[in-house]
Amino acid sequence: MDTVRIAITKGGKRLPYVVCDNPPRGGMKYTYFAPDRSYVIQFYNNKADADYNTRSRIEAIIGRYNPTLSERHGGAIGTDEALAEYYAKRFCWPSDVVVSPEFGIVCPTYPKNFFFDSAASDVLNLFGKDKKSNWFTSSNRKFLHKTELGDFRTALACSILLARSVRRLHQAGLAHSDLSNNNVLIDPCSGDSCIIDIDSLVVPGLYPPEVAGTRGYIAPEVVATMDLDRRDPRRVYPSAKTDLHALAVLIYEYIFHRHPLIGPKINSGESAEEDDRNSLGKNALFIEHPTDRSNRPKVLTDSVQTAGSILEKLFLRAFTDGLKTPSLRPSALEWERGLVRSFEMLQKCGNRSCEHRWFIAEKNSICPFCGHDNSGEAIRFHFYNAVLTNPGEYREIFQIVSGDNSPLFSWHFTPGIIPDEKTDRTLLAYVVRRGKDWYIVNSKLHGLVDSDAKILPPGRAFRLTDGAMLYSEKGVLIETEIK
Ligand SMILES: [Zn+2]
302 MDTVRIAITK GGKRLPYVVC DNPPRGGMKY TYFAPDRSYV IQFYNNKADA
352 DYNTRSRIEA IIGRYNPTLS ERHGGAIGTD EALAEYYAKR FCWPSDVVVS
402 PEFGIVCPTY PKNFFFDSAA SDVLNLFGKD KKSNWFTSSN RKFLHKTELG
452 DFRTALACSI LLARSVRRLH QAGLAHSDLS NNNVLIDPCS GDSCIIDIDS
502 LVVPGLYPPE VAGTRGYIAP EVVATMDLDR RDPRRVYPSA KTDLHALAVL
552 IYEYIFHRHP LIGPKINSGE SAEEDDRNSL GKNALFIEHP TDRSNRPKVL
602 TDSVQTAGSI LEKLFLRAFT DGLKTPSLRP SALEWERGLV RSFEMLQKCG
652 NRSCEHRWFI AEKNSICPFC GHDNSGEAIR FHFYNAVLTN PGEYREIFQI
702 VSGDNSPLFS WHFTPGIIPD EKTDRTLLAY VVRRGKDWYI VNSKLHGLVD
752 SDAKILPPGR AFRLTDGAML YSEKGVLIET EIK
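In terms of the numbering used here, the sequence shown has 738 at position 437, counting the first letter as 1, and numbering is strictly consecutive.
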């Protein structure tokens, strides 16, 4: 029978928790819930793991490295209340240390949208289970209810948030060390993601990695040197660089629902284990390698090109040169920015049976997933910045695709801004369609002029024509493309 016990935190707080016979158990810890399930208390499976180093690591993670706690309350430097609140949704970050009845940690419960609800989980009896990424990236997908699967747009949204969270860790000098489809929760319905199991974070030079990682996400150089002695200088351990391999694998899986390195190629006939070790280690080969096709599956639907040229380049770097040379892997910031730029080129597919529902309309409006022609349903804006060394010359920086009722923000009218968690999201203008005509409605933008230097004041709508040029007060040239 369940009984309620009391955990005492380092600061003397008394936290009740419900002891049950079979608590959820992971590799390192087991979990008890608060009576109202608002937090969990975790204790270590192996009490020897809760040594001095672990305790000191956890205290640093809860305090000075904590992006979910404002600097004013003892959290990470530069974190205000709004940022702390933002990252509290992105990480399940430990919030306190338990000292009695034994050493343990307190963590917030995952937000509700990261648990399967009854209506959508009948086939596998998933009600109440957490949405670890592997439900959505593996063959498990086919058992899930359609309403749980999300679409191409929400896959990009999950990827942006994950890349941003990893970028935040790396900016603070931390490495997760065990990013995998078990340690990232995603909600493909809303495009939300949350990193869990934070307590094994690596602080370079201070707290070394404790785990090698999870199969399929461990960087090839770590897999290839696992058999070496711990003191052998050639042995490679998890770090921010190896996180970047795991990050690229996860993003590829969210978008394409397959693993980038697991293909048909056999690397060793000795044993399945050795083949696996080689295929993910020293002989790792991208299944979509542009010249070596020996690991390419016979049927490969939706090649990497379908994700648009920005992401294609990042994936190729991560899984060709970056596989062998960790310093060439795209950083989390590059992923975040590339994903944000790609997200802004999304167009809705009008084919009702198109499973992806959205696609990147980079050059035209034909959906690469189903072939449906969506021409006329969106317009494209090209954004140019002035070349400072050559007055009068402009260079294209990015483009966006806007459908009916698409918003425009500060980053569209100011050079050098790529939106992140700190960016002002006040609506400045929006695009609407009336019949076959497209309009820009200026809500709050001052200094917007057309190519005849006519001012387009706030509160007014202006018809857009193919090739029309607009200039923002901050020096951005915007060219309209209507096809
Ligand atoms: Zn389509």
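Every residue, glycine too, gets a C-beta built ideally from N, C-alpha and C.
Just so you know, these numbers come straight off a predicted model, no measurement behind them.
Test item: CB-CB of residue i and residue j under 7 angstroms
i	j	result
Phe415	Cys495	yes
Arg539	Gly514	Going by the sequence as given, residue 539 is Pro instead of Arg. Their beta carbons are under 7 angstroms apart, which means Pro539 touches Gly514 by this criterion.
Ser632	Ile611	no
Pro510	Ser478	yes
Pro716	Asn743	no
Phe660	Asp603	no
Phe344	Ile499	no
His271	Gln700	The requested residue 271 does not occur in the structure, where the chain is confined to residues 302 to 784.
Ala541	Ala476	yes
Ile718	Arg638	no
Arg536	Leu529	yes
His657	Phe444	no
Asp488	Lys413	no
Ala464	Trp636	yes
Asn691	Val733	no
Thr455	Gly492	yes
heavy atom of ligand 3 below 6 angstroms from residue i C-beta
i	result
Asn354	You won't find ligand 3 in this model; what it holds is ligand 1.
Collapsed DSSP secondary structure at residue i in the structure displayed
i	result
Leu502	coil
His558	coil
Thr310	strand
Ile497	coil
Phe404	coil
His590	coil
Trp394	coil
Pro521	helix
Asn743	strand
Arg326	strand
Tyr685	strand
Arg532	coil
Arg642	helix
Ala549	helix
Val467	helix
Lys737	coil
Thr455	helix
Thr781	strand
Spatially closest choice to residue i from the options, by CA coordinates
i	options	result
Cys671	Val688, Gly677, Asn652 and Ile406	Asn652
Leu551	Lys755, Glu645 and Ser439	Ser439
Pro708	Ile741, Asn584, Lys542 and Arg559	Ile741
Asp576	Gly704, Ala525 and Asp593	Ala525
Ala549	Leu457, Arg696, Lys447 and Gly736	Leu457
Val398	Asp381, Ile359, Pro324 and Ala679	Ile359
Met770	Leu529, Glu780 and Cys321	Glu780
Arg559	Leu629, Asn484 and Ser434	Ser434
Val400	Ala351, Lys413, Asp528 and Gly328	Ala351
Leu757	Asp767, Gly768, Ala349 and Tyr772	Tyr772
Glu786	Leu729, Gly768 and Lys737	With the chain running from 302 to 784 in the structure shown, residue 786 is simply not present.
Val305	Lys314, Val320, Glu522 and Gly313	Val320
Asp725	Thr621, Arg735, Arg734 and Ser711	Ser711
Ile497	Leu749, Asn484 and Asp753	Asn484
Lys348	Asp753, Gly405 and Asp767	Gly405
Gly768	Lys330, Lys755 and Glu782	Glu782
Supposed close pair residue i, residue j - CB separation, criterion 8 angstroms
i	j	result
Ala308	Ile363	Contact doesn't hold; Cβ gap of about 15 angstroms is too wide.
Cys459	Tyr555	5 angstroms
Phe688	Glu697	The question names Phe, but residue 688 in the sequence shown is Val. Their Cβ separation, rounded to whole angstroms, is 11 angstroms, which puts Val688 and Glu697 out of contact at 8 angstroms.
Leu562	Leu586	7 angstroms
Arg764	Asp738	6 angstroms
Ala385	Leu480	The Cβ separation is near 22 angstroms, so there is no contact.
Thr369	Gly376	7 angstroms
Pro669	Glu522	Contact flag wrong, Cβ pair sits at about 34 angstroms.
Proximal residues to residue i (C-beta, below 8 angstroms), its chain only, five neighbours per side dropped
i	result
Arg597	Gly564, Pro565, Ile588, Glu589 and His590
Arg326	Thr332 and Asn346
Pro759	Asn743, Ser744, Lys745, Leu746 and His747
Ala662	Met646, Leu647, Gln648, Asn675, Ala679, Arg681 and Val702
Tyr731	Asn706, Ser707, Pro708, Leu709, Ile741, Val742 and Ser744
Gly356	Note on residue identity: the sequence assigns Arg, not Gly, to residue 356. Taken in chain order, the residues that qualify are Val398 and Phe404.
Arg315	Ile307, Ala308 and Ile309
Arg442	Trp436, Leu450 and His558
Same chain, Cβ closer than 7 angstroms to residue i, neighbours up to 5 away in sequence not counted
i	result
Ser396	Ile363, Val407, Cys408 and Pro409
Glu372	Ile378, Gly379 and Thr380
Val512	Ser478, Asp479 and Ser501
Tyr387	Glu722
Val641	Ile461, Ile719 and Pro720
Arg338	Thr410
Beta-carbon contacts of residue i that lie in its chain and below 6 angstroms, excluding the five residues immediately before and after
i	result
His471	Ala541 and Ala633
Ser569	Glu575, Asp576 and Asn579
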